[in-house]
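**Q**
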Amino acid sequence: MIRLALISKTETAEAYGILSTRLHRAAWVAYASVDCGDSGKALGQVIETDTADALFADKADAFDAVVIDADQSSTERLAKTASSLGKPVLFRACSLEGLGQKKTLMMPSHPWRFMPSIQSVKHSLEAGKLGQAGMMRIHRWLPSYKCGISNTERILPDADLACWMFGDAPETVWSLQSAANPDYIQFHLGFANEGMAMIDIAGSLPSGSDYFSMTMIGGTGAAYADDHHNMNLLYNGGHPNALRTSQGKAYLIRELQEFVDAIIEKRKPSVTPADTAMAVEVVKRIVDSAESRQVIGRKEAN
32 MIRLALISKT
42 ETAEAYGILS
52 TRLHRAAWVA
62 YASVDCGDSG
72 KALGQVIETD
82 TADALFADKA
92 DAFDAVVIDA
102 DQSSTERLAK
112 TASSLGKPVL
122 FRACSLEGLG
132 QKKTLMMPSH
142 PWRFMPSIQS
152 VKHSLEAGKL
162 GQAGMMRIHR
172 WLPSYKCGIS
182 NTERILPDAD
192 LACWMFGDAP
202 ETVWSLQSAA
212 NPDYIQFHLG
222 FANEGMAMID
232 IAGSLPSGSD
242 YFSMTMIGGT
252 GAAYADDHHN
262 MNLLYNGGHP
272 NALRTSQGKA
282 YLIRELQEFV
292 DAIIEKRKPS
302 VTPADTAMAV
312 EVVKRIVDSA
322 ESRQVIGRKE
332 AN
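Just so you know, we're using this note's numbering here: the sequence shown kicks off at 32 and counts up by one.
1) So, is aspartate 92 buried or exposed, given that buried needs 16 or more other C-beta atoms within 10 angstroms?
2) DSSP puts tyrosine 215 in a beta bridge; with which residues?
3) Just the C-alpha distance for aspartate 292 and valine 302, rounded to the nearest angstrom, thanks.
4) Buried or exposed for methionine 137, going by 16 or more other Cβ atoms inside 10 Å?
5) Taking contact to mean 3 or more Cβ pairs, one atom from each stretch, closer than 8 Å, check whether the region 316–333 and the region 157–176 are in contact.
6) Can you give me the C-alpha to C-alpha distance between threonine 135 and glutamine 150, rounded to a whole angstrom?
7) Could you tell me which residues DSSP puts in a beta bridge with phenylalanine 243?
8) Is the number of C-beta pairs between the region 33–52 and the region 95–104 that are closer than 8 Å three or more?
9) Can you tell me whether arginine 171 is buried or exposed? The criterion is at least 16 other CB atoms within 10 Å of its CB, across all chains shown.
10) Using C-beta distances below 7 Å, list every residue in its chain close to alanine 190, excluding the 5 sequence neighbours before and after it, in chain order.
11) I need the boundaries of the beta strand (DSSP E) containing proline 139, first residue and last residue.
12) When the distance is taken between beta carbons, is glycine 239 closer than 8 Å to proline 188?
13) How many angstroms separate the CA atom of asparagine 182 from the CA atom of glycine 269?
14) By the three-class DSSP mapping on this structure, what secondary structure does glycine 221 have?
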């Protein structure tokens with residue numbers, strides 16, 4: 032049984048707490064807040080400290096591994112501290128420059144890879160049901176209030192999905208960013224063996240839900256994933272009620288279970304720092320291409 036510590040805001044603790052009964056071979060035992068006043072009560076009966084530093088200094092013997100969901104600078108510092116104590120770390124990061132090489136298990140959080148619909152597309156591709164990956168198309172549209180993040184954070188998920196589906200970084204990158212709407216960017220990634228990905232990200236939707244869709248067209252088949260909320264009719268006497276369904280937070284427990292299984296089985300997790308580094312490098316090329324209006328190749332970026 033792996034004893035887990037969580038460093039996060041209450042919102043994250045609540046999400047993990049709801050899913051904790053679906054976690055195997057691990058349990059939450061400790062919590063540290065990243066904001067004053069946050070509580071980890073949603074995780075159940077756990078040790079709580081006022082700060083992450085106090086958790087490492089006073090309660091390090093109480094847990095085996097750490098999950099960190101904090102801002103970038105705090106994440107890098109805390110991940111380094113956890114690693115120095117020999118604790119495996121699952122952390123949210125867009126940059127690995129401050130972490131260096133570590134001997135302990137470090138798994139960057141790429142939650143988008145663990146969405147059930149996206150994993151279904153990946154499994155179909157790996158099983159040979161689609162043939163060789165040919166063309167990938169992604170739309171990700173966000174309401175404006177969700178755009179208070181850096182370009183790297185906004186573009187990283189889809190750049191990583193493309194690299195993951197094609198199994199490598201693109202050979203060429205070309206992107207366009209709207210002068211009238213700086214929250215819109217479209218980019219083309221050219222992969223070896225004539226594969227390509229065309230992705231557009233917009234941050235100017237009215238207040239409301241996001242929109243995401245992904246299509247993978249292979250040599251012998253195609254697969255599709257989206258976040259559209261299906262409407263199911265519930266008949267319970269009187270007028271039927273429409274119920275919305277979605278994938279919920281299933282990706283969180285799938286990612287956490289992979290982290291736990293990698294620790295127990297003493298293997299590399301399915302997401303490694305090398306994956307994040309590759310995606311970050313691609314994002315840099317996307318941004319450079321948008322600014323220069325030029326195609327950026329792999330060699331030019333090195």
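Ideal Cβ placement from N, Cα and C applies to all residues, glycine included.
**A** In terms of the structure at hand:
1) Translated into positions along the sequence shown, residue 92 becomes position 61. Exposed is the call here.
2) Walking along the sequence shown from the start, residue 215 turns up at place 184. DSSP output for tyrosine 215 lists Ala233 as bridge partner(s).
3) On the sequence shown, position 261 is the one that residue 292 refers to. On the sequence shown, position 271 is the one that residue 302 refers to. Cα to Cα, aspartate 292 sits roughly 13 Å from valine 302.
4) Residue 137 sits at position 106 when you count from the first residue of the sequence shown. Counting Cβ neighbours within 10 Å, methionine 137 comes out buried, since at least 16 surround it.
5) no
6) Translated into positions along the sequence shown, residue 135 becomes position 104. Translated into positions along the sequence shown, residue 150 becomes position 119. Those two C-alpha atoms are separated by around 27 Å.
7) For this step, residue 243 is matched to residue 212 along the sequence shown. BP columns for phenylalanine 243 point to Arg171.
8) yes
9) What you label residue 171 is simply residue 140 of the sequence shown in a count that begins at 1. It is buried - the Cβ of arginine 171 has at least 16 other Cβ atoms within 10 Å.
10) As a first step, residue 190 is located in the sequence shown; it is residue number 159 there, counting from the start. Hits under 7 Å: Ala310, Val313, Val314 and Ile317.
11) As a position in the sequence shown, residue 139 is number 108, starting the count at 1. 137–139 is the extent of the beta strand (DSSP E) around proline 139.
12) If you number the sequence shown from 1, residue 188 lands on position 157. If you number the sequence shown from 1, residue 239 lands on position 208. Against a cut-off of 8 Å, the Cβ pair of glycine 239 and proline 188 comes out as no contact.
13) Residue mapping note: residue 182 aligns to position 151 of the sequence shown, counting from 1. Residue mapping note: residue 269 aligns to position 238 of the sequence shown, counting from 1. Approximately 50 Å between the Cα atoms of the pair.
14) Reading the sequence shown from its first residue, position 190 is the one you call residue 221. Glycine 221 falls in the strand class under three-state DSSP.
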